[in-house]
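See below for the structure under consideration.
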Amino acid sequence: MKGCLVVNVEGKSGVLAMMWKESNKVDIKTYSSNHIDAMIKMENNNAISFTGYYGNTDPNKRHLSWEMLKRVSKSVKETWIIGGDFNTILDNAKKEGGRRKPLVQMEEFREIVDEFSMVDLKTDNGWFT
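When we follow full-length UniProt numbering, the leftmost residue of the sequence shown carries the number 1, and every step to the right adds one.
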């Protein structure tokens, strides 16, 4: 299938996938079980960098996910879009059910959000992060 890359997520039951319109030129730069990094040339010839991201589910290893994003950021010159699941939150007030997250985890995530000037694009139905 053209216009698709699927990466097995180690130790998980799922996959990380990226799909695109075949009319767009997509150059996969790097990928791992936690990310797919691509340069996308749009139909109007504008280029963007896109990173599909799945954060480490183990809070003790999440720093590895942040380090990976920092490595990827060094090669980004264009507009950068990061989409996916960070497997963490910025505020316990947004958590529904389960135990509260430790403050240090949220602070680490806040540092990444601030470092990359990330903006949270809300979904219409609120189901996805």
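For glycine and all other residues, C-beta sits at the position ideal for the given N, C-alpha and C.
Since VAL26 contacts ALA17 with CB under 8 Å, what's their CB separation in whole angstroms?
In fact, because the Cβ distance is near 13 Å, the residues do not count as touching under 8 Å.
Taking GLU78 and ALA38 to be in contact with their CB atoms under 8 Å, please state how far apart those CB atoms are, rounded to whole angstroms.
That pair is no contact at about 11 Å.
What is the DSSP secondary structure of LEU16, reduced to helix, strand or coil?
Of the three classes helix, strand and coil, the one that applies to LEU16 here is strand, per DSSP.
Using DSSP with H/G/I as helix, E/B as strand and the rest coil, what is MET106?
MET106 falls in the helix class under three-state DSSP.
According to DSSP, is SER75 helix, strand or coil?
Coil.
Only counting the same chain, and skipping five residues up and downstream in sequence, which positions put a Cβ closer than 7 Å to that of GLU22?
Once the five neighbours on either side are set aside, the close Cβ partners of GLU22 are LYS2, GLY3.
Could you tell me if ARG100 is buried or exposed, where buried requires 16 or more neighbouring beta carbons within 10 angstroms of its beta carbon?
With fewer than 16 Cβ atoms within 10 Å of its Cβ, ARG100 is classed as exposed.
Sort ALA93, LYS122, GLY97, ILE82 by Cα distance to VAL113 and report the nearest one.
If we check each option's Cα against that of VAL113, ILE82 comes out closest.
The beta strand (DSSP E) that contains THR57, what's its start and end?
Note, THR57: premise wrong, no beta strand (DSSP E); not H, not E.
Quick one, are the C-beta atoms of PHE86 and PHE50 less than 8 Å apart?
No.
Would you tell me roughly how many angstroms separate the C-alpha atoms of ARG62 and LEU69, rounded to the nearest one?
In a straight line, the C-alpha of ARG62 is about 11 Å away from that of LEU69.
In three-state terms, what does DSSP make of LEU90?
Correct three-state label for LEU90: coil.
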